[in-house]
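Protein chains in written order, with our numbering: chain W, 169 to 509; chain B, 169 to 509.
There are 2 protein chains.
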Amino acid sequence: MDANGEERLVSRRVTIKEVAKRAGVGTMTVSRVVRNHGYVSDSVRIRVAEAVRELGYRPNGSARSLRLRRTDTIALIVSDITNPFFTTIARAVEDVASESDNLVLFGNTDESESSEIRYMEMVLQKGVDGVLLVPATDGRVALELAQASGLPVVAIDRRVSPAFDCVRCDSEGGAALLADRLLELGHRRFAILGGPDEVSTSHDRIQGFRLRAEAKGGQVTVYHGKLTVVDGERLTRVAMEANPRPTAIFAVNNFLSFGALNAVGALGLNVPDEVSVAGFDDLPESMVNFPFLTVVSQPAYELGALAARHLFERIQNPALPPQDLALPTTLRERSSTGPRR
Amino acid sequence: MDANGEERLVSRRVTIKEVAKRAGVGTMTVSRVVRNHGYVSDSVRIRVAEAVRELGYRPNGSARSLRLRRTDTIALIVSDITNPFFTTIARAVEDVASESDNLVLFGNTDESESSEIRYMEMVLQKGVDGVLLVPATDGRVALELAQASGLPVVAIDRRVSPAFDCVRCDSEGGAALLADRLLELGHRRFAILGGPDEVSTSHDRIQGFRLRAEAKGGQVTVYHGKLTVVDGERLTRVAMEANPRPTAIFAVNNFLSFGALNAVGALGLNVPDEVSVAGFDDLPESMVNFPFLTVVSQPAYELGALAARHLFERIQNPALPPQDLALPTTLRERSSTGPRR
DNA sequence: TTGAAAGCGCTAACAT
DNA sequence: ATGTTAGCGCTTTCAA
Numbered sequence: 169m170d171a172n173g174e175e176r177l178v179s180r181r182v183t184i185k186e187v188a189k190r191a192g193v194g195t196m197t198v199s200r201v202v203r204n205h206g207y208v209s210d211s212v213r214i215r216v217a218e219a220v221r222e223l224g225y226r227p228n229g230s231a232r233s234l235r236l237r238r239t240d241t242i243a244l245i246v247s248d249i250t251n252p253f254f255t256t257i258a259r260a261v262e263d264v265a266s267e268s269d270n271l272v273l274f275g276n277t278d279e280s281e282s283s284e285i286r287y288m289e290m291v292l293q294k295g296v297d298g299v300l301l302v303p304a305t306d307g308r309v310a311l312e313l314a315q316a317s318g319l320p321v322v323a324i325d326r327r328v329s330p331a332f333d334c335v336r337c338d339s340e341g342g343a344a345l346l347a348d349r350l351l352e353l354g355h356r357r358f359a360i361l362g363g364p365d366e367v368s369t370s371h372d373r374i375q376g377f378r379l380r381a382e383a384k385g386g387q388v389t390v391y392h393g394k395l396t397v398v399d400g401e402r403l404t405r406v407a408m409e410a411n412p413r414p415t416a417i418f419a420v421n422n423f424l425s426f427g428a429l430n431a432v433g434a435l436g437l438n439v440p441d442e443v444s445v446a447g448f449d450d451l452p453e454s455m456v457n458f459p460f461l462t463v464v465s466q467p468a469y470e471l472g473a474l475a476a477r478h479l480f481e482r483i484q485n486p487a488l489p490p491q492d493l494a495l496p497t498t499l500r501e502r503s504s505t506g507p508r509r
Numbered sequence: 169m170d171a172n173g174e175e176r177l178v179s180r181r182v183t184i185k186e187v188a189k190r191a192g193v194g195t196m197t198v199s200r201v202v203r204n205h206g207y208v209s210d211s212v213r214i215r216v217a218e219a220v221r222e223l224g225y226r227p228n229g230s231a232r233s234l235r236l237r238r239t240d241t242i243a244l245i246v247s248d249i250t251n252p253f254f255t256t257i258a259r260a261v262e263d264v265a266s267e268s269d270n271l272v273l274f275g276n277t278d279e280s281e282s283s284e285i286r287y288m289e290m291v292l293q294k295g296v297d298g299v300l301l302v303p304a305t306d307g308r309v310a311l312e313l314a315q316a317s318g319l320p321v322v323a324i325d326r327r328v329s330p331a332f333d334c335v336r337c338d339s340e341g342g343a344a345l346l347a348d349r350l351l352e353l354g355h356r357r358f359a360i361l362g363g364p365d366e367v368s369t370s371h372d373r374i375q376g377f378r379l380r381a382e383a384k385g386g387q388v389t390v391y392h393g394k395l396t397v398v399d400g401e402r403l404t405r406v407a408m409e410a411n412p413r414p415t416a417i418f419a420v421n422n423f424l425s426f427g428a429l430n431a432v433g434a435l436g437l438n439v440p441d442e443v444s445v446a447g448f449d450d451l452p453e454s455m456v457n458f459p460f461l462t463v464v465s466q467p468a469y470e471l472g473a474l475a476a477r478h479l480f481e482r483i484q485n486p487a488l489p490p491q492d493l494a495l496p497t498t499l500r501e502r503s504s505t506g507p508r509r
């Protein structure tokens, strides 16, 4: 191979022109062969394919994207890829994208709206074909930015304006289910560790839990913080100072529940004998056996896969009316919850 | 805004030409203003900036990349983004890339070489500026593919041919440290759960542990499988059938150690009283308190950040000689290990 | 069945 | 300080 020892030293990228010259045909013929599209006689096809191989030709993606107005790339903007819930979603999105030879860009907003807007601007400029967005708060500005540019976008996890597609879970229903179960176990005094109220998931889970619990004689106190481990710890300490103490804690997302477990451990409280702890969002499948945490589990993989598929559909057919898809959740009872003592 | 109500219905993308026309200048002037580079009189600069704003102009990334031969995008190819070790690396890489307004593409190979090659081909075509690769086995083909095209590439986590840059941890040393400690605790019969021997990390950890343990009178049996939870479970069951049983298990990566914990739990064995379990790779910081697993912890975030910085350096200066950077590890003793009973 | 011409949107180089 | 020209590498007409 590399019979023509010349000019390969600096490995300049081979262009379609060079292939054409080598094969003694026009560039269009090469293009037809490479894309396997359009009429080319067998003899020519073979000659061209050979030249492609010999020269190591690879079409230039930027040129192609410029011409085609298409990049075969989508973007996934999440708050934090290290959140296992979003990690699983990312995996699913990439799996689906990969099926149709699409590439996936990702970015972390850390729940910051300005960061979210910055990413949206970047991918808009880059010319991705579509965006999957976990909105920081309501994502309004970023979503409208996309819409104004005709860029297909699907929100994930958090409810947004009905003008946009959204794929998420039934937060309210899931939280209500958990409330039912804790009530059944005899609990009546609850602490909820919640996030910012503008984050729909937090709002809905608080709402779902509170309404159900109060309807059945429970007493609920909500503590608001950020969706972080640190705030989970902090809020738990505050919550456990109440007198009388809550007998069950519901943390509305996984980071908060990790924090809660840390804090009750540090306080020397036994789980679940002295206090029950339950969360929302499961762990990645590989770790599901460890923190024996009772959770409302969301089908993260399915959520990501569905969102990605939905995005590709929307890319194909931008006229589709926006949809709000809510997947059901499952209560997974493990050993961090138990009967009231 | 949008004073000129015409032609914005289908939100065609605005080009530099239209901005130039609107501002009554040439395209180069617009280009200069947009990039903030080159001489432009203040009065003109203001007029152009206004036109940009009014028209909602955003440079076309594909056109720019075609012209500049640069995409401001790097790729991160890992075996599985849901592996917390790689998740943390991904976060670090994206953080560093973001500092210089670069975007990050990611792909999962699932340890398959053909998948690895496929991603390499895709990003080569896309024209990314550089690649961060966690090689499936030795990554030879994929790395050479990049090299042949003059695409900067840095290997992460696993040793590769010295012809390439590599950022990883001192697997051998870390494993030896763990062996020392387990010996100190009185253990003499060890089972190692290892991955494929072509994966350097697995090989080095086995080697590091075995040499140290055997030098001090330990007896080591190695069980090979894939780096998965399922194989961690399977190998543990096999290992625990030995007679006499090992008193300590060392799993060379986190998935294997999760599997080990699952299996010993299922076998009804008490950890660490009946068997000690230790792993390699820590959990994400948010979860670090849970499976009270003793591990050789790798500075995953620093590893990812260093690799990314190294890649950007190499992009800037392709002539740099390749380096093999090995970061030190830390033994984190938690409650899954204890004295031999 | 094949090729030539034009142009996607941008910027480096060169005028002016 | 600003504009003109040319061309990055590709594919969509359109003509042969």
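Ideal Cβ positions, reconstructed from N, Cα and C, are used throughout, including at glycine.
Under 8 Å by beta carbon: chain W residues contacting residue i
{"i": "B:PRO227", "result": "GLN293"}
{"i": "B:MET196", "result": "Residues of chain W passing the Cβ test: none, with the nearest at roughly 19 Å."}
{"i": "B:ALA259", "result": "Correcting the residue type first, residue 259 of chain B is Arg in the shown sequence and not Ala. Going along chain W in sequence order, the residues near B:ARG259 (Cβ under 8 Å) are ASP248, ILE249, THR250 and ASN276."}
{"i": "B:PHE426", "result": "SER454, MET455, ASN457 and PHE458"}
Identified DSSP bridge partners for residue i
{"i": "W:PHE274", "result": "W:LEU244 and B:VAL272"}
{"i": "W:HIS392", "result": "W:GLY362"}
{"i": "W:LEU217", "result": "Rather than Leu, the amino acid found at residue 217 of chain W in this sequence is Ala. Its beta-bridge partners do not exist; DSSP assigns none."}
{"i": "B:GLN387", "result": "B:ARG357"}
{"i": "W:LEU493", "result": "W:VAL335"}
Chain W within 9 Å of residue i, Cβ atoms only
{"i": "B:ARG181", "result": "yes"}
{"i": "B:SER268", "result": "no"}
{"i": "B:GLU174", "result": "Confidence at B:GLU174 is low in this model, with a pLDDT of 39, below 50, so its placement is unreliable and the value that follows should be read with caution. Not closer than 9 Å to any Cβ of chain W, the Cβ of B:GLU174 fails to qualify, so no."}
{"i": "B:SER317", "result": "yes"}
{"i": "B:PHE332", "result": "no"}
{"i": "B:GLY433", "result": "yes"}
{"i": "B:GLY224", "result": "yes"}
{"i": "B:GLU289", "result": "yes"}
Where residue i meets chain W, residues with beta-carbon distance less than 7 Å
{"i": "B:PHE448", "result": "Neighbours of B:PHE448 on chain W: none; closest Cβ ~15 Å, over 7 Å."}
{"i": "B:SER233", "result": "SER230"}
{"i": "B:THR452", "result": "The question names Thr, but residue 452 of chain B is Pro in the sequence shown. Ordered by position in chain W, the residues that pass the 7 Å Cβ test against B:PRO452 are THR250."}
Proximity test, Cβ basis, 9 Å: residue i and chain B
{"i": "W:ALA310", "result": "no"}
{"i": "W:THR241", "result": "yes"}
{"i": "W:ALA171", "result": "Reliability of the predicted coordinates at W:ALA171 is poor, the pLDDT of 37 falling under 50, and the value obtained from them is presented with this limitation in mind. Judged by the 9 Å Cβ criterion, W:ALA171 is not in contact with chain B."}
{"i": "W:ARG221", "result": "no"}
{"i": "W:ASP263", "result": "yes"}
{"i": "W:MET408", "result": "no"}
{"i": "W:THR256", "result": "yes"}
Per-residue contacts from residue i into chain B (C-beta, under 7 Å)
{"i": "W:PHE480", "result": "Ordered by position in chain B, no residue passes the 7 Å Cβ test against W:PHE480, which lies about 17 Å from the chain."}
{"i": "W:VAL397", "result": "SER454"}
{"i": "W:ASN421", "result": "Result: empty, since nearest Cβ-Cβ is about 11 Å, beyond 7 Å."}
{"i": "W:ASN430", "result": "ASN457"}
Where the alpha helix (DSSP H) containing residue i begins and where it ends
{"i": "W:PHE253", "result": "252-267"}
{"i": "B:ARG336", "result": "Looking at the DSSP string, B:ARG336 is not in any alpha helix (DSSP H); the run it does join, the beta strand (DSSP E), is 333-337."}
{"i": "B:THR239", "result": "Where B:THR239 is concerned, there is no enclosing alpha helix (DSSP H), given that its DSSP letter is neither H nor E."}
{"i": "B:TYR287", "result": "281-294"}
{"i": "B:SER209", "result": "Segment: none, B:SER209 is in no alpha helix (DSSP H) and carries neither H nor E."}
{"i": "B:ILE249", "result": "First-last for B:ILE249: undefined, no H or E at that position."}
{"i": "W:GLU312", "result": "308-316"}
{"i": "W:ARG181", "result": "Segment: none, W:ARG181 is in no alpha helix (DSSP H) and carries neither H nor E."}
Endpoints, beta strand (DSSP E) assigned at residue i
{"i": "W:GLY298", "result": "298-301"}
{"i": "B:ALA323", "result": "321-324"}
{"i": "B:ARG500", "result": "498-500"}
Residue i: contacting residues in chain B (beta-carbon distance under 9 Å)
{"i": "W:VAL563", "result": "Not covered by the structure: residue 563 of chain W. The range shown for chain W is 169 to 509."}
Amino acids of chain W, ordered along the chain, whose beta-carbon sits closer than 9 Å to that of residue i
{"i": "B:LEU273", "result": "THR241, LEU271, VAL272, LEU273 and PHE274"}
Beta-carbon neighbours of residue i, restricted to chain B and to distances below 8 Å
{"i": "W:PHE253", "result": "The premise fails here: W:PHE253 is roughly 11 Å from chain B at the closest Cβ pair, so nothing lies under 8 Å."}
- Task: Let me know the beta strand (DSSP E) ranges lying completely inside the region 445-491 of chain W, each 3 residues or longer, listed in chain order.
- Result: 462-465
- Query: Which whole runs of the beta strand (DSSP E) in the region 398-435 of chain W are 3 residues long or more, in chain order?
  - Reply: 416-419
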